[in-house]
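S.K.: Take the position in the sequence shown, starting the count at 1, then add 3; the result is the number in this note's numbering.
Shown below is the structure under consideration.
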Amino acid sequence: YMSTSIAETSGLDELEPVQHHHAHVAAAMAEHGRAGPVLGMAFDGTGYGSDGKVWGCELMVADLLDFRRVGHLRYAPLPGGDRGARTPWRSLLGYASLDDPTWAGDALADVDPTELEVAWRQIERELNAPRASSLGRLFDAAAALLGIRLESRYEGQAAMELECAAATTPGRILPFPVRRQGAAEVEGNGQ
4 YMSTSIAETS
14 GLDELEPVQH
24 HHAHVAAAMA
34 EHGRAGPVLG
44 MAFDGTGYGS
54 DGKVWGCELM
64 VADLLDFRRV
74 GHLRYAPLPG
84 GDRGARTPWR
94 SLLGYASLDD
104 PTWAGDALAD
114 VDPTELEVAW
124 RQIERELNAP
134 RASSLGRLFD
144 AAAALLGIRL
154 ESRYEGQAAM
164 ELECAAATTP
174 GRILPFPVRR
184 QGAAEVEGNG
194 Q
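Listed below in C-alpha cells is the structure:
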C-alpha cells in the first residue's frame with residue numbers, strides 16, 4: 004500500500020506498523036478519547052489482513068495498541084482482484100461461487116461471456132481471485148444482483164446507488180444468519 008511505501012522511505016528512525024482495519028478502529032477511539040478495550044467494527048472496501056487475506060468487514064476487540072479479530076464477513080473470491088472494485092459483477096460471481104452459481108445467472112446475462120468465463124476460471128483455479136471479507140464488495144454484489152450496476156466508474160459507486168435504491172424502495176427485512184466457528188462469521192447470502 005502507498006502509505007506503507009511512504010513511511011518506509013520517510014527516513015524516520017522508528018516505524019510502528021499498524022494493521023489497516025485496526026487503524027480505523029484506533030482512530031475512532033482516539034477521536035472519542037477512548038483507550039479501550041472496545042468492541043470495534045471496521046467496514047470498508049478492501050485492506051490487507053494480518054492473516055494474508057483481503058479484509059473489509061471486521062469485528063475486533065481492540066485498544067489503541069493491539070487488537071484481536073473476533074468476527075468477519077464470510078470470505079468470498081474476488082476474481083480479478085482489485086478490478087472487482089470497479090466491476091461489481093465480479094463480486095456477485097464470487098459470492099455465487101460459494102453456493103449454487105446459477106442463482107446469479109440472470110443478473111450476469113449482460114456481462115461479456117468471455118470476461119465471465121475468464122473470471123469463473125480464476126475462481127475455479129484460485130488464480131488472481133483472492134478471498135475477501137469485504138462489506139464494500141458485498142454491497143457491490145448486491146447492486147449487481149439487483150440490476151443496479153454491473154460496472155462502476157469509481158469505487159463505491161455501486162454501493163451508493165444500492166443505498167439510494169434501498170432508501171426509496173419499500174420492502175421487508177430478510178434474516179441474516181450468523182454462525183460461530185472460531186471467529187463469528189456472517190453468512191451474507193441470507194441462508
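Backbone N, C-alpha and C fix where the C-beta goes; we use that ideal spot for every residue, glycine too.
If you're wondering where the values come from, they're calculated on a predicted model, not measured in any experiment.
Given that a residue counts as buried once 16 or more other Cβ atoms are within 10 Å of its Cβ, and exposed if not, what is residue 65?
M.R.: Taking the first residue of the sequence shown as position 1, residue 65 is located at position 62. Buried, because 16 or more other Cβ atoms sit within 10 Å of the Cβ of residue 65.
S.K.: Under 8 Å, with one C-beta from each stretch per pair, do the segment 95 to 112 and the segment 167 to 179 reach the 3-pair mark?
M.R.: As far as the Cβ criterion goes, the segment 95 to 112 does not touch the segment 167 to 179, which means the pair count is below three.
S.K.: Is residue 173 helix, strand or coil when you go by DSSP?
M.R.: Walking along the sequence shown from the start, residue 173 turns up at place 170. It is coil, neither helix nor strand.
S.K.: Please check the pair residue 161 and residue 146, which I expect to be a contact at CB under 8 Å, by giving their CB distance rounded to whole angstroms.
M.R.: The residue labelled residue 161 in the question sits at position 158 within the sequence shown. The residue labelled residue 146 in the question sits at position 143 within the sequence shown. The Cβ separation is near 4 Å, so the contact holds.
S.K.: Helix, strand or coil: which one does DSSP assign to residue 12?
M.R.: One-based indexing of the sequence shown puts residue 12 at position 9. Correct three-state label for residue 12: coil.
S.K.: Could you check which residue in 88, 152, 128, 73 has the C-alpha nearest to that of residue 100?
M.R.: The residue you call residue 100 lines up with position 97 of the sequence shown. Here the closest residue by C-alpha is 128.
S.K.: Can you tell me whether residue 151 is buried or exposed? The criterion is at least 16 other CB atoms within 10 Å of its CB, across all chains shown.
M.R.: Working through the sequence shown from its first residue, we reach residue 151 at position 148. Buried: at least 16 other Cβ atoms inside 10 Å.
S.K.: List the DSSP bridge partners of residue 44.
M.R.: Residue mapping note: residue 44 aligns to position 41 of the sequence shown, counting from 1. DSSP lists 62 as partners of residue 44.
S.K.: Please return the same chain residues whose Cβ sits closer than 6 Å to the Cβ of residue 104, not counting the five positions on each side in sequence.
M.R.: What you label residue 104 is simply residue 101 of the sequence shown in a count that begins at 1. No residues qualify anywhere along the chain.
S.K.: Hey, out of 136, 156, 148, whose CA is closest to residue 24's CA?
M.R.: Position 21 of the sequence shown, counted from the first residue, corresponds to residue 24. Out of 136, 156, 148, 136 has the C-alpha closest to the C-alpha of residue 24.
S.K.: Roughly how many angstroms lie between the CA atoms of residue 19 and residue 106, to the nearest whole one?
M.R.: By 1-based counting over the sequence shown, the position of residue 19 is 16. By 1-based counting over the sequence shown, the position of residue 106 is 103. Taking the straight line joining both Cα atoms gives about 46 Å.
S.K.: May I have the straight-line CA-CA distance separating residue 50 from residue 34, to the nearest angstrom?
M.R.: In the sequence shown, counting from the first residue as 1, residue 50 sits at position 47. In the sequence shown, counting from the first residue as 1, residue 34 sits at position 31. Approximately 22 Å between the Cα atoms of the pair.
S.K.: Between the Cα of residue 47 and the Cα atoms of 26, 5, 7, 80, which residue gives the shortest distance?
M.R.: Counting from 1 along the sequence shown, the entry for residue 47 is found at position 44. Checked all of 26, 5, 7, 80; the closest Cα to residue 47 is 26.
S.K.: Taking residue 163 as the reference, which of 148, 55, 139, 132 has the closest Cα?
M.R.: Translated into positions along the sequence shown, residue 163 becomes position 160. Selected option, being the one with the closest Cα: 139.
S.K.: Would you grab the beta carbon distance between residue 153 and residue 113 for me? Rounded to a whole angstrom, and I think it's under 8 Å.
M.R.: Here residue 153 corresponds to residue number 150 of the sequence shown, with the count starting at 1. Here residue 113 corresponds to residue number 110 of the sequence shown, with the count starting at 1. Yes, residue 153 and residue 113 are in contact; Cβ-Cβ is about 6 Å, under 8 Å.
S.K.: Helix, strand or coil for residue 36, going by three-state DSSP, please let me know.
M.R.: Within the sequence shown, residue 36 is the residue found at index 33, counting from 1. Looking at residue 36 - three-state DSSP - the assignment turns out to be coil, as it is neither helix nor strand.
S.K.: Taking the alpha-carbon positions, what's the residue 109 to residue 91 distance?
M.R.: On the sequence shown, position 106 is the one that residue 109 refers to. On the sequence shown, position 88 is the one that residue 91 refers to. Approximately 14 Å between the Cα atoms of the pair.
S.K.: Could you give the distance in angstroms between the alpha-carbon of residue 124 and the alpha-carbon of residue 111?
M.R.: Residue 124 sits at position 121 when you count from the first residue of the sequence shown. Residue 111 sits at position 108 when you count from the first residue of the sequence shown. So the two alpha carbons sit approximately 15 Å from each other.
S.K.: State the start and end residues of the unbroken beta strand (DSSP E) segment that holds residue 2.
M.R.: The displayed coordinates of the chain run from 4 to 194. Any statement about residue 2 would go beyond what the structure contains.
S.K.: Buried or exposed for residue 126, going by 16 or more other Cβ atoms inside 10 Å?
M.R.: Locating residue 126 in the sequence shown gives position 123, where the first residue counts as 1. Looking at its Cβ environment, which holds 16 or more other Cβ atoms inside 10 Å, residue 126 is buried.
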